[in-house]
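These notes are about the structure you will find just below.
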Amino acid sequence: MADFLKIEKKWQKAWETKKTFKTRENNKKKYYILEMFPYPSGAGLHMGHALNYTIGDIYARFKRMTGFNVLYPMGYDAFGLPAENAAIKVGEHPESYTKKAIANFIKQQRALGLSYDWDRELITCEPEYYRWNQYFFLKLFEKRLVYKKKAAANWCPKCDTVLANEQVHNGKCWIHKDTSVEIKQLEQWFIKTTEYADELLDYINDLQWPDRIKTMQENWIGKSYGTEINFKIKGKNWPIFTTRPDTIYGVTFMVISAQHSRLMEIVTEKQKAEVEKFVKKLKSVSEKELEDMDKEGVFTGSYAINPLTNEKIPVYAGNFVIADYGSGMVMAVPAHDQRDFEFAKKYKIPIKVVIQHEDYELDAEKIPRAYTGAGKLANSGEFNGSSNTDAIDEITSYLNKKNLGKKVVQYKLRDWLISRQRYWGTPIPMIYCNKCGIVPVPEKDLPVVLPKNVKFGKGNPLATNAKFVNVKCPKCKGNAKRETDTMDTFFDSSWYFLRFVDNKNKKEPFDKNKIKYWLPVDQYIGGAEHAVMHLMYARFFVKFLRDSGFVKIDEPFTRLFNQGMLHASDGQKMSKSLGNVINPIDTIEKYSADSLRLNLMSLASPDKDSNWSDKGIESSHKFINKIYEYFNKIKIGKSSSKIESKVNKTIKEVTSDIDNFRYNLGIIKIRMLFESLEEENQVSKKDIESFLKLLHPICPHITEEWWSKIGNKNFISLEKWPIADESKISEKFEQEEQALNKIVGDIVNITRIIKEKQNKEVSKAFIYVIPKEKEIYSDVKSIKKRTNLEVKIFAVNDANKYDPQGKSKNSKQGKPAIYLE
RNA sequence: GCGGGGAUGCCGGAGUGGUCAAACGGGCUAGCUUAAGGAGCUAGUGGCUUAGUGCCUACGCAGGUUCGAACCCUGCUUCCCGCACCA
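Residues in the first sequence are numbered consecutively from 4, following our numbering.
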């Protein structure tokens, strides 16, 4: 067996030293292919990465061969929580942890044979990169797209610090397992993504993205039309949002989010203790967890005034109202909303029916659940009798007239909270001055370098470095303090695809001309876990950059391909705790990168979830090995017209398969072509080269090896993709093959029947074909081999044929008669 | 809870309105090959039936649309993914 590892290393080195995949702007048509860049975890590459990069690399190699100037870079999303967790848990500095992880990632990615232009590498935790984060933050600030407001955060009193959702387990701190996590309201930085909500929604139509991702983005933005109604509490206006103003006469209580920043304003002295107890009980702010909890609430002691009825309505603090959606408070109509109904039953709050069923009368005392259907209004003053769908508009315009409310558009999309009270991120370039207030760091002072020397484990790490914190105010030169929050790492990934174009620029984030040539990304590739957040932030960022004159594009990613999730062979998620993780590097070392790549792409359509298979990798490896052995014995000469037909047909089909990410189907056709090649005595150099080229994007090393061994000087990686010669494709050969399969199948079937029924063994087969079909069945050798019988073929009109039972008279067109003995 | 996606032979998966018992791979069975094992080659692999034929039964469950459904619609079961401080 060939030493595949050695061969692969040889070509990886050759590509590297010759800079085979280096790209620059030129006159050719460009194509920008990008995989979502990884977070370099200490655990190294996992199979999902290998899948992701193989999908991209195949496409990059294919596009390159078809004549495009391909930009295909790789970078590292290097800031983030795991590095900081390592610092807290094992005392390693995040920087060294990250550097090591990146070095390991690069080594492993090289072993996969990926054709990146490595000169374009970028690492987000380096000041050369994150200084531009700070630069863009200042630009956002200039455009008034940045603001500060209070928001809830998980707080561990023992760590004296904010915790990420991931650091909260069952409401307890991840380090101090006996300590309940509390909610703390902190002043934090927000970016006004909602400013672009409409545009983000409208442009979804133009994206060549999977429909499901587009639907998720639409739902995430969640544009809905509704009515804002002003309720008064303690004499102050509290506008609330509802899509059901028709039910306003049925409001029997209000619920304010327990995490609402102004909650305490409406809590009475008497109820204070109880509300505080309730708020404290909500251990984690994670909305996901909150929504899994039972709907619970506690009375605040205050009453709201219904603007239409002037009724006094009790206000509850609840755990199921989202603080950041709408105004963080809802009106509750238990008769016509199931969640409100359950809450009302639990706390014995009255229920009031205001929409009557067409066919029977709803009794507030007796209804078993909320009635959410249509009907006529009742108990609704002057609106009684209106259909509830009409009443939505009627009541809204009435409120509008009286200045008590108005029609509004509401989005689920919320502004982007980018403050993180953590160390391993981009410092937010802001300074707090007692005299001047909040002062942005002047551009010329960028970057604000993240100091290396901080203490982990207690409080905000950045606050522990006095030299970092204490600065002079840029305005008044007086004593001031730096912002110690860092940025959400999604900020880093919102524009990295622009930096690849000009990753070494020290004067500006990127050269606009280079952007003009390369952007947008033509093909983006990644997992569906980024369906909304990362993709939404990146889209927002591009729109902001466009409006600030940095780019001219509207959208960052023209096409998006979503790879499926790769499970373990038992169908479960690959995870350390289940012990079913397959490491790509182990597989490469055991079999070879080409085998791994082939197997990953053979498993299933790359956009579908699939299961890893140990048997599959062996099968792929066998195939690679067979190809290698075949080339050892290959005879270059003249191709038969049959193989020419097959080669050209395969070129045609595989080209379209790869272009449409149907790699799995393309591989099948390549396999079938190979089987046909094996049967030939000799084959032309051109055809055998076409075969190598078709296989090359999937198995780059072995094809590079044989490309050179059959006498080529250049890299196959840079060769031209074959073009199918349609005139060489003939269906005749396929019909012949099918006829042959049919006759072999028939002979085997009869053999079996004779054996079973008559208990006789047969050793000879006589086939009687009608004269004009004789040529179709001329491949006696193949029939012999496949049936394992002596085979003789006669034309039915052959006077000397051997036909003891007169079977030949059964011959029909397309179905020769058979006699076995 | 909200949002998105899936369920096809023993297994991984093709197939999205007729030509389709289901490509291709794996497993298994038989034959050839081999000192043996492995590898390789050939065939078979839903059921019944048959000198190469014919019939029946299938695409999570239950309905519906259609001349015709794995594919379209509705409901259900079940699994997976996301839900804003993991990235």
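For each residue, glycine too, the CB sits at the ideal point set by N, CA and C.
Assignment of tyrosine 206 by DSSP, reduced to helix, strand and coil, places it in the helix class. Burial state of proline 807 is exposed, judged by a 10 Å Cβ sphere holding fewer than 16 other Cβ atoms. Across the structure, threonine 303 and isoleucine 236 are spaced so that their CA atoms are roughly 11 Å apart. Its chain contains Cys436, Lys438 and Cys439 as the residues whose beta carbon lies nearer than 7 Å to that of cysteine 479, once the 5 sequence neighbours on both sides are disregarded; these appear in chain order.
Between the C-alpha atoms of lysine 226 and glutamine 220 there is a straight-line separation of about 11 Å. Around the beta carbon of leucine 823, 16 or more other beta carbons sit within 10 angstroms, so the residue counts as buried. With the rule of 3 Cβ pairs closer than 8 Å, the region 490–499 counts as touching the region 118–134. Rounded to the nearest angstrom, the gap between the Cα atoms of asparagine 322 and isoleucine 251 is 22 Å.
Per DSSP, the unbroken alpha helix (DSSP H) holding glycine 619 starts and ends at 617–636. With 16 or more other Cβ atoms inside 10 Å of its own Cβ, alanine 154 counts as buried. Between phenylalanine 40 and tyrosine 499, the C-beta spacing is below 8 Å.
Assignment of glutamate 231 by DSSP, reduced to helix, strand and coil, places it in the strand class. Taking a contact as a CB-CB distance under 8 Å, the pair isoleucine 591 and alanine 114 counts as one, their CB atoms being some 5 Å apart. Assigned with DSSP and collapsed to three states, isoleucine 259 falls in strand. The Cβ atoms of leucine 380 and alanine 367 lie no closer than 8 Å to each other. Linking lysine 763 to isoleucine 770 through their CA atoms gives a straight-line distance of about 19 Å. Taking each of Asn586, Ala531 and Lys66 in turn and checking the Cα distance to phenylalanine 108, the smallest one comes out for Asn586. Under the Cβ criterion (8 Å, minimum of three pairs), the region 299–314 does not count as touching the region 205–224.
By the C-beta density criterion, leucine 416 is buried, having at least 16 other C-beta atoms within 10 angstroms.
Comparing alpha-carbon positions, the option among Tyr199, Lys9 and Lys470 lying closest to tyrosine 540 turns out to be Tyr199. Within the same chain, and ignoring the five residues on either side of arginine 665 in sequence, the residues whose Cβ sits closer than 7 Å to its Cβ are Ser608.
The C-beta of methionine 334 has 16 or more other C-beta atoms within 10 Å across all chains shown, which makes the residue buried. Assignment of glycine 440 by DSSP, reduced to helix, strand and coil, places it in the strand class. Per the coordinates, the alpha-carbon of leucine 569 lies some 7 Å from the alpha-carbon of methionine 50. A Cβ-Cβ separation of about 4 Å places proline 464 in contact with valine 457 under the 8 Å criterion.
In the three-state DSSP reduction, tryptophan 241 falls in the strand class (E or B). Tyrosine 771 is bridged by DSSP to Phe797 and Ala820. Asparagine 173 is positioned such that its CB atom lies no closer than 8 Å to that of valine 254. Where threonine 561 is concerned, the enclosing beta strand (DSSP E) starts and stops at 560–566. Per DSSP, the beta bridge partners of threonine 164 are Cys159. Residues of the same chain with a CB within less than 6 Å of the CB of tyrosine 35, apart from the 5 flanking positions on each side, are Leu74, Trp521, Val524 and Asp525 in chain order. Between the beta-carbon of isoleucine 671 and that of aspartate 597 there is about 17 Å, and that puts the pair past the 8 Å contact cut. Each residue's CA atom was taken as its position, placing glutamate 737 and phenylalanine 718 some 34 Å apart. In the three-state reduction of the DSSP assignment, serine 305 falls in the strand class, which pools E and B. Boundaries for alanine 338: no alpha helix (DSSP H) harbours it, and the DSSP string shows neither H nor E there.
Taking C-beta atoms as the reference points, isoleucine 269 and valine 318 count as a pair closer than 8 Å.
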